[in-house]
Amino acid sequence: MNSKMLVTQVKRELWENRVSFINTPVIISLLVITLALSVNILLTNYAHGDAKDFHFSFGSSSSDDSQSQNPAPPDLANPLKTDLKKFNIITSVASDPAAFNGFILGIMYSNCVLLFLVFSVVLGVYALRCLFDDRKNKDILFWRSMPVSETTNVLVKLVMVLVIAPVIILILNVAVTLIAFLISLIFLAFHDIGVGYLVSSVVKGGALYIPFQILFELIFSLLMLMPVIGFAFFASAFAKKTPFFTFASPLILLAVDQILHVAFGIRTGIFDLLAVYGRAISNTRAAFVLQESFTFQSSMILPLVICIGIGAAFIAGAIWLRNNRYEI
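Everything in the sequence shown is counted per our numbering, starting at 1108 for the first residue and increasing by one.
Rendered as structure tokens:
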């Protein structure tokens, strides 16, 4: 299979899933950058006294008049105003160059957290439904008439999970970082903070390269989750009614294992197997947590290889089912 055909397959998957893979993440990133910059700029202007004071009133006009005749002390008159006055990004950045890098990173991390939540749902549903829906909608019969092997079809769907989704997150994180950087740069430059000072803050702080570090950690995390992802694909290819019940079968086996252990002192090994996998994930937990330093170590190689091997076995099973089961 040539590269052009592979690209066409990926484009087809993106087109069929454009709402979940493209439209929704882009909208979320636009909302994050718009809200973050708007709120920070408004609060900064308010702290400088450029905006009108906020006024909240829950009483009658007469009570307002009485309060105006007997004003409270300045510090107690409006606690909200006093708190907002403390927020001043201009003063913070001017006094500490790292504050600007932290400000940009804060926006990027906010975007990243939301994208993680969205893609956790998107990829979970996609892995469980993609092969099942092809059989349910009879699309599998159409694609079998095309000069594309079923192995390629399954692997392209796997690429969507392991590569395309992380790359989309990378692109959106970089876009949000650059937009936040440029708009903040212009805004702060108008307030007499040097451009070179701001650029140096970001270069030294790492806001521009951290999205790429997140990409590395995300791909590593997905590879560690290959047993789960592979089993989801297998369940999608195997299920006759709903893949979720097949996917949840290990939990049933785990419950049976616990019952046998409590009642008869017998272990089936399911609990021990899942415990070993849980420890492997725990040893690499830094790759799953934002803002936590992650460094790949040689001790991670064996668990990673085992996870990839188990996931590959499930994917091979899904490919076999794809080639031998055409309809539900």
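Even for Gly, the Cβ is constructed at its ideal location relative to N, Cα and C.
Owing to the predicted nature of the structure, the values given are computational and were not obtained by experimental measurement.
Asked	Found
Assigned secondary structure, H1298 (DSSP; H/G/I helix, E/B strand, else coil)	coil
In chain order, each alpha helix (DSSP H) run of at least 4 residues that lies wholly inside the region 1285-1372	1302-1312, 1317-1331, 1333-1345, 1350-1354, 1356-1371
Residue interval of the alpha helix (DSSP H) (run including V1232)	1205-1243
C-beta contact flag for F1378 and I1388 at 9 Å	no
Three-state class that DSSP yields for R1374 in the structure shown	coil
L1397 - DSSP class collapsed to helix/strand/coil	coil
Residue closest to G1385, alpha-carbon to alpha-carbon, out of L1411, E1399, L1224	L1411
Under 9 Å between C-beta atoms of M1333 and A1419	yes
Selected residue, minimal CA-CA separation from F1327, among D1203, I1211, L1269, V1302	L1269
Contact belief for L1381 with L1361 at Cβ below 8 Å, rounded distance in angstroms	7 Å
S1136 versus V1369 - alpha carbon distance	49 Å
Buried versus exposed, by CB contacts within 10 Å (16 or more), I1140	buried
Neighbourhood of A1201 by C-beta distance below 8 Å, restricted to the same chain and skipping five residues each side	I1300
Reduced DSSP category for R1432 - H, G, I as helix; E, B as strand; rest coil	coil
Close-in-space but distant-in-sequence residues of the same chain around V1220 (CB under 7 Å, 5 per side omitted)	L1397
Cutoff 9 Å: A1423 Cβ touching any chain D Cβ	Given the protein chain composition of this structure (a single chain), no chain D is represented.
Simplified DSSP state of Q1116, which is helix, strand or coil	helix
Spatial distance of N1218 from V1363 (CA atoms)	41 Å
Where the alpha helix (DSSP H) containing L1265 begins and where it ends	1257-1266
Inter-stretch contact (C-beta, 8 Å, three-pair minimum) for the region 1342-1351 and the region 1288-1305	no
Alpha-carbon to alpha-carbon, N1430 and G1424	10 Å
Residue nearest to F1207 in terms of C-alpha spacing, selected from T1258, L1224, N1147	N1147
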